[in-house]
Every structure is written in structure tokens, then in C-alpha cells.
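Scroll down for the structure; my scribbles are underneath it.
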Amino acid sequence: ERMTHTCLMLILFLSWRNVHDLRKNFSSWFHAFSYFYDNCLQNIREKIDNMQVLHKCKDSRDDHFA
27 ERMTHTCLML ILFLSWRNVH DLRKNFSSWF HAFSYFYDNC LQNIREKIDN
77 MQVLHKCKDS RDDHFA
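Taking the working numbering, the leading residue of the sequence shown gets 27, the next gets one more, and so forth.
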């Protein structure tokens, strides 16, 4: 799930034309995302953080009603 999340965030927030643009020469999607996150604009970081909070809230809601 972590790989899916990091890959999706790169797809959404990074300009790209092919897979190499997303991952560059990093050894994993996680490392590529970490580099991107550490170097992106603050407003993009806030959007990514907010998306993560929303995802966790939905998971908690689903667990509560399961």
C-alpha cells in the first residue's frame, strides 16, 4: 500500500511524460517520493498531508462501521 500511495502522489503532483520522469534514478518509489516531498512547494506538501488525513479518517470510519 505504501508503494501505491507514493506512486499516486508522484503521478498527481509531479510533471511527467514517462515513468522515468517519476522515479528518476531512485532505487524505489518511496525514495523518489521522499525526495520530491522534501523539495516541493509548501502548498503541495499541505495538499499531500491533507489527502493523507482524509484517507485515514475514511479508514477509521470504515473500521468503525464494519
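The beta carbon of each residue, even a glycine, is placed where N, CA and C say it ideally should be.
6 Å Cβ shell around residue i - same chain, five flanking residues per side excluded
i	result
W42	L48
F56	T32
I70	F39
Burial state of residue i (16 or more Cβ within 10 Å)
i	result
L34	exposed
T32	buried
Integer-rounded CB distance, given that residue j should sit under 8 Å from residue i
i	j	result
F62	L36	6 Å
Proximal residues to residue i (C-beta, below 8 Å), its chain only, five neighbours per side dropped
i	result
M29	S54, W55, F56
Check: residue i C-beta below 7 Å from any heavy atom of the ligand FAD
i	result
F62	What this structure holds is no ligand at all, so the ligand FAD is not there to describe.
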